[in-house]
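*Asks:*
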């Protein structure tokens with residue numbers, strides 16, 4: 001998401017080229033100097049004249065290089081230094097308290113604005129969307145009040161996801177649902193006379209074992225109010241990856257898109273349509289066509305060949321936040337939120353660091369309705385809550401009860417806060433993307449993080465922590481290997497997709513730390529729990545929120561709850577570089593032994609300032625748990641799905657005006673209390 005004061009594009013340039021204090025222009029200038037020097041030695045006949053030219057040219061290039069270097073650095077340099085004091089003490093301001101205070105104010109305001117009565121909810125709906133709510137809105141509102149649903153008005157995601165389908169007639173929408181339901185890895189959840197079923201059209205079965213877990217999960221979410229809904233179908237994505245990518249021109253000018261699919265899906269997608277790419281295209285090539293024509297992603301000369309030959313670039317996705325008076329180094333910068341709205345259109349090279357752009361599953365470039373648990377920017381999938389969040393399972397549910405096979409309030413393996421380890425913990429499989437095209441697996445999200453967090457290298461990281469002698473902060477330069485040894489416990493536990501990794505199984509094992517698998521409850525021993533995307537969104541996030549630990553989340557996915565959850569209040573957001581994690585730790589948990597040694601200090605003097613960071617960290621843990629127990633409940637997901645289903649029912653209808661709700665003076669008086 002956005003940064004307080006650092007421009008994304010310039011920061012990516014700075015991070016990519018300036019880390020080693022080298023720029024492309026500097027390299028070119030050095031090359032020129034070498035060539036000019038050789039020419040000078042070969043031409044004694046024109047020595048003085050040549051030396052004069054060379055001197056002038058050297059001066060020109062020196063100023064040019066300095067100007068270009070300054071121009072690149074300016075957006076960062078303008079916020080990079082603050083008034084330095086003796087003993088590395090620096091300004092008393094730190095960005096994290098401000099981020100936390102703003103987050104709390106923002107969320108408190110969001111809750112206070114929610115409608116209290118049916119009349120207010122209808123008025124707010126009409127104000128936001130310029131139309132009446134869907135038929136059955138009064139029943140939905142009663143469900144909301146009966147179940148103490150906090151979020152009454154915040155359903156912009158539903159409107160955003162369904163708006164493109166308003167261009168289709170009810171007949172055409174129903175036809176497309178039937179057609180897409182016959183594609184691989186797409187199931188149908190159907191409602192007939194109030195009865196909800198999940199079925200697979202390709203196999204013509206409706207047994208649970210033959211239908212994806214996502215379809216069965218959605219069926220369970222909607223069963224509670226199936227009798228309040230008309231007959232209709234929902235195509236459910238069986239995969240973690242998004243499926244629908246509509247070219248920008250078709251979104252901007254709907255008349256260019258296919259309006260009538262009555263000739264069948266083969267006439268739309270072609271008879272040779274396959275479920276995977278098979279070397280014929282890739283996700284990035286389809287995705288970049290969702291960008292406006294004047295963006296950098298669309299201006300690229302690109303093909304499968306050039307994509308496969310492109311350099312493996314690892315640069316930052318996030319704009320990084322920090323006040324102008326408090327940025328000391330590259331690492332004392334903090335993301336305001338996760339990167340779920342990152343603009344890949346303007347920063348196309350960053351796609352190399354995101355595994356979903358290399359998925360093997362072929363995307364669909366026509367507006368077909370597909371309901372998916374998450375999506376990144378550019379996708380036209382319709383978001384629904386994940387079955388991992390709604391149903392209890394031992395792998396994804398906090399408080400899993402092995403006897404009653406359901407979740408409970410407190411996990412048997414939960415650890416009291418004062419006994420939790422001050423460690424950043426992560427375990428997971430080597431997932432993250434496909435192999436279309438091949439050769440890029442080393443840059444996927446999890447691989448980058450595991451390498452960074454487990455390296456034993458000597459590269460220094462600047463960390464800033466509370467000074468024991470004053471209200472200021474102290475900086476220290478510490479080898480990353482020492483920091484990792486003290487604060488990180490990060491490892492892969494399962495070797496998957498190793499054939500896609502450059503160098504194969506041996507290289508994957510050599511370049512990353514591996515350790516044994518642990519049960520979910522083992523995570524609760526640690527204060528910091530990292531949550532990173534895999535093939536798609538992370539299914540463990542709600543379990544982490546429910547615990548007494550603090551999630552550190554990095555993602556590019558938007559989910560149904562994205563506008564309900566507040567970063568820096570309920571969790572700590574991480575940029576896609578992850579580099580700020582060391583300073584997050586230093587702020588909340590205080591200095592480690594290596595930080596103190598680098599600053600010639602002792603641990604005892606830091607206890608009071610350390611306690612303040614500890615209190616702030618625990619506040620986030622409690623707020624996240626409170627959110628999960630009041631807004632992230634199964635019934636809250638059902639409220640979202642109920643409202644989504646009502647909107648879908650209106651689109652499904654031939655007469656959409658008749659399928660709308662009109663408030664009457666005596667409607668639902670009980671709902672007003």
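In the UniProt record's numbering, the protein residues as written are 1 to 673. For glycine and all other residues, C-beta sits at the position ideal for the given N, C-alpha and C.
From residue 408 to residue 195, what distance separates their C-alpha atoms?
*Replies:* Position 408 of the chain shown holds residue 408. Position 195 of the chain shown holds residue 195. Computed Cα separation, rounded: 29 Å.
*Asks:* Determine the DSSP secondary structure at residue 258, reduced to helix, strand or coil.
*Replies:* Numbered from its first residue, the chain shown carries residue 258 at position 258. Coil.
*Asks:* Between which residues of its own chain and residue 459 is the CB-CB distance below 6 Å, once the five residues before and five after are set aside?
*Replies:* The count along the chain shown starts at 1 and reaches residue 459 at position 459. Once the five neighbours on either side are set aside, the close Cβ partners of residue 459 are 480.
*Asks:* Output the residue ranges of the beta strand (DSSP E) runs that lie fully inside the segment 128-198 and measure 3 residues or longer, sorted by chain position.
*Replies:* Counting whole runs of 3 or more residues, the segment 128-198 contains the beta strand (DSSP E) stretches 186-192.
*Asks:* Can you look up residue 584 in the DSSP assignment and give me helix, strand or coil?
*Replies:* Here residue 584 corresponds to residue number 584 of the chain shown, with the count starting at 1. Helix at residue 584.
*Asks:* If we count the other Cβ atoms within 10 Å of its Cβ and call it buried at 16 or more, is residue 518 buried or exposed?
*Replies:* As a working note, residue 518 is residue 518 in the chain shown. Residue 518 is exposed by the Cβ-count criterion.
*Asks:* What are the start and end residues of the beta strand (DSSP E) that includes residue 479?
*Replies:* Here residue 479 is taken as the residue at index 479 of the chain shown, counted from 1. From DSSP, the beta strand (DSSP E) with residue 479 extends over 473-479.
*Asks:* Who are the Cβ neighbours of residue 387 in its own chain at under 6 Å, not counting the five residues just before and after it?
*Replies:* Here the question's residue 387 lines up with position 387 in the chain shown. For residue 387, where only same-chain residues beyond five positions count, the Cβ hits under 6 Å are 213, 214 and 217.
*Asks:* Keeping to the same chain, check which residues put their C-beta closer than 8 Å to that of residue 267; ignore five residues upstream and five downstream.
*Replies:* Taking the chain shown and counting its residues from 1, the one referred to as residue 267 is at position 267. Here the set comprises 261.
*Asks:* Starting from residue 448 and walking both ways along the alpha helix (DSSP H), at which residues does that stretch end?
*Replies:* Mapped onto the chain shown, residue 448 falls at position 448. Taken as a continuous stretch (DSSP letters only), the alpha helix (DSSP H) holding residue 448 covers 445-454.
*Asks:* I need the DSSP call for residue 280, collapsed to helix, strand or coil.
*Replies:* The residue labelled residue 280 in the question sits at position 280 within the chain shown. If DSSP states are grouped into helix, strand and coil, residue 280 belongs with coil.
*Asks:* Inspect the CB distances between the segment 508-518 and the segment 558-578 and report whether three or more fall short of 8 Å.
*Replies:* Output reads no: the segment 558-578 does not touch the segment 508-518.
*Asks:* Is residue 379 helix, strand or coil when you go by DSSP?
*Replies:* Position 379 of the chain shown holds residue 379. Here residue 379 sits in strand by DSSP.
*Asks:* Regarding residue 141 and the ligand NAD, is the C-beta to nearest heavy atom distance less than 7 Å?
*Replies:* Of ligands this structure carries none, so the ligand NAD is not represented either.
*Asks:* Would residue 425 and residue 537 qualify as a contact pair, given that the criterion is a beta-carbon distance under 8 Å?
*Replies:* If you number the chain shown from 1, residue 425 lands on position 425. If you number the chain shown from 1, residue 537 lands on position 537. The answer is no: Cβ separation not under 8 Å.
*Asks:* Please name the residue in 222, 96, 165 and 186 whose C-alpha comes closest to that of residue 640.
*Replies:* The residue you call residue 640 lines up with position 640 of the chain shown. Comparing Cα-Cα distances from residue 640 to each of 222, 96, 165 and 186, the minimum goes to 222.
*Asks:* Say whether the segment 331-344 touches the segment 409-417, bearing in mind that this needs 3 or more beta-carbon pairs closer than 8 Å, one atom from each stretch.
*Replies:* Verdict: no, contact absent.
*Asks:* Looking at the secondary structure, which residues open and close the alpha helix (DSSP H) in which residue 216 lies?
*Replies:* For this step, residue 216 is matched to residue 216 along the chain shown. It spans 213-222 - the alpha helix (DSSP H) in which residue 216 sits, taken as one unbroken run.
*Asks:* Spatial neighbours of residue 660 within its chain, please: C-beta separation below 8 Å, excluding the five flanking residues on both sides.
*Replies:* Here residue 660 refers to the residue found at position 660 when the chain shown is read from its first residue. For residue 660, where only same-chain residues beyond five positions count, the Cβ hits under 8 Å are 131, 132, 133, 134, 135 and 650.
*Asks:* Could you pull the start and end residues of the beta strand (DSSP E) that residue 494 belongs to?
*Replies:* Here residue 494 is taken as the residue at index 494 of the chain shown, counted from 1. Where residue 494 is concerned, the enclosing beta strand (DSSP E) stretches over 488-494.
*Asks:* Look at the alpha carbon of residue 377 and the alpha carbon of residue 585, and state the distance between them as a whole number of angstroms.
*Replies:* Translated into positions along the chain shown, residue 377 becomes position 377. Translated into positions along the chain shown, residue 585 becomes position 585. Computed Cα separation, rounded: 30 Å.
*Asks:* State buried or exposed for residue 112, treating a residue as buried only when at least 16 other CB atoms are found within 10 Å of its CB.
*Replies:* By one-based count along the chain shown, residue 112 stands at place 112. Its Cβ having fewer than 16 others within 10 Å, residue 112 is exposed.
*Asks:* Hey, quick one: how far does the beta strand (DSSP E) through residue 466 stretch, first residue to last?
*Replies:* For the purposes of this step, residue 466 is taken as the residue at position 466 of the chain shown. Per DSSP, residue 466 belongs to the beta strand (DSSP E) from 460-466.
*Asks:* Which residues in the same chain have their Cβ closer than 7 Å to the Cβ of residue 239, if we skip the five residues on either side of it in sequence?
*Replies:* Numbered from its first residue, the chain shown carries residue 239 at position 239. Cβ neighbours of residue 239 beyond the five flanking positions: 185 and 361.
*Asks:* Specify whether the segment 379-386 and the segment 230-250 touch according to this definition: at least 3 beta carbon pairs, one from each stretch, less than 8 Å apart.
*Replies:* Touching, per the Cβ criterion.
*Asks:* In the DSSP assignment, find the alpha helix (DSSP H) that holds residue 97 and state where it starts and stops.
*Replies:* Taking the chain shown and counting its residues from 1, the one referred to as residue 97 is at position 97. Run containing residue 97: 95-112, per the alpha helix (DSSP H) assignment.
*Asks:* Counting pairs of Cβ atoms below 8 Å between the segment 168-182 and the segment 335-354, do you hit three or more?
*Replies:* Flag = no, the segment 168-182 and the segment 335-354 do not touch.
*Asks:* Using the rule of at least 16 other Cβ atoms within 10 Å of the residue's Cβ for burial, across every protein chain shown, is residue 625 buried or exposed?
*Replies:* Taking the first residue of the chain shown as 1, we reach residue 625 at position 625. It counts as buried.
*Asks:* For residue 423, write down the residues that DSSP places opposite it in a beta bridge.
*Replies:* On the chain shown, position 423 is the one that residue 423 refers to. In the DSSP output, where bridge partners are listed per residue, residue 423 has none listed.
*Asks:* Count the other CB atoms, across all protein chains shown, that sit within 10 Å of the CB of residue 565; report buried if there are 16 or more and exposed otherwise.
*Replies:* On the chain shown, position 565 is the one that residue 565 refers to. The residue is buried, with at least 16 neighbouring Cβ atoms inside 10 Å.
*Asks:* Can you tell me which of 169, 201 and 621 puts its alpha carbon nearest to the alpha carbon of residue 236?
*Replies:* Here residue 236 is taken as the residue at index 236 of the chain shown, counted from 1. Out of 169, 201 and 621, 201 has the C-alpha closest to the C-alpha of residue 236.
*Asks:* Under a Cβ-count criterion, where at least 16 other Cβ atoms within 10 Å of its own Cβ denotes burial, should residue 56 be classed as buried or exposed?
*Replies:* Walking along the chain shown from the start, residue 56 turns up at place 56. Residue confidence is low: residue 56 scores 46 on pLDDT, short of 50, so the model does not pin down where it sits. Its coordinate-derived value is still stated next. The residue is exposed, with fewer than 16 neighbouring Cβ atoms inside 10 Å.
*Asks:* Under the rule that 16 or more other beta-carbon atoms within 10 Å means buried, what is residue 169, buried or exposed?
*Replies:* As a first step, residue 169 is located in the chain shown; it is residue number 169 there, counting from the start. Exposed.
*Asks:* Within a Cβ cutoff of 7 Å, which residues of the same chain sit near residue 287, ignoring the five residues on either side of it in sequence?
*Replies:* Mapped onto the chain shown, residue 287 falls at position 287. Excluding sequence neighbours, residue 287 sits near 245, 357 and 378.
*Asks:* Who are residue 554's beta bridge partners in DSSP?
*Replies:* Translated into positions along the chain shown, residue 554 becomes position 554. 532, per the DSSP bridge assignment.
*Asks:* For the putative contact between residue 540 and residue 396, defined by C-beta atoms under 8 Å, what is the C-beta separation to the nearest angstrom?
*Replies:* As a working note, residue 540 is residue 540 in the chain shown. As a working note, residue 396 is residue 396 in the chain shown. Contact holds; Cβ gap of about 6 Å.
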